[in-house]
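Novice: Here this note's numbering is used: the first residue of the sequence shown is 481, the next is one more, and so on.
Beta carbons are placed, not taken as given, at the ideal position from N, Cα and C, and that holds for glycine.
Every value quoted in this text rests on a predicted model; they were computed, and no experiment measured them.
Mind looking over this structure? Questions follow.
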Amino acid sequence: MGETYRFSAVVQKEGKWYVSWCPELDIASQGETIEEAIENLKEAIELYLEDENSQIPAAGQFFTTTVEVSFHAKTSHSVTREVMRALSSHGFQVVSQRQSHQYEKGGFD
């Protein structure tokens, strides 16, 4: 019997499919159910590991966690994009894209 490895699996729904991804190996698969997506990912990983040149990261080199993002921060970015589109449609051009945006009216030759 061979060695046993433990890898992470991230699963997300995309349309009617569930897509599974192993971030340590950057391998992905899919399925119609979460269970099928994970089983297909296991098979893809096994096929990858059969290759004698496959690279297996050392234990502890990869960390997964969650992050919390403020809803207001997300909203402000979409509002900024909407404002930029509206100004562009009225002839304004972005002259700086750092923390604050500056707009100038008129043509640039």
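Going by other Cβ atoms of all chains shown within 10 Å of its Cβ, with 16 needed for buried, is E512 buried or exposed?
Specialist: exposed
Novice: Using a 10 Å radius around the Cβ and a threshold of 16 neighbouring Cβ atoms, would you call S509 buried or exposed?
Specialist: buried
Novice: Going straight from the alpha carbon of V491 to that of L505, what length do you get?
Specialist: Cα to Cα, V491 sits roughly 15 Å from L505.
Novice: When you compare the CB positions of T544 and S500, do they come within less than 9 Å of one another, or not?
Specialist: No, Cβ-Cβ distance for T544 and S500 is not below 9 Å.
Novice: According to the neighbour-count rule (16 or more other Cβ atoms, all chains shown, within 10 Å of its Cβ), is R578 buried or exposed?
Specialist: Only weak support is given to the placement of R578: the predicted model assigns it a pLDDT of 47, under 50, and the question is left unresolved by the model.
Novice: Just confirm the distance between the C-beta atoms of Y528 and I507, as a whole number of angstroms; I'd bet it's less than 8 Å.
Specialist: 6 Å
Novice: Taking only three categories from DSSP, how would you classify A517?
Specialist: helix
Novice: Taking its Cβ as the centre, do 16 or more other Cβ atoms sit within 10 Å of I536, making it buried, or is it exposed?
Specialist: exposed
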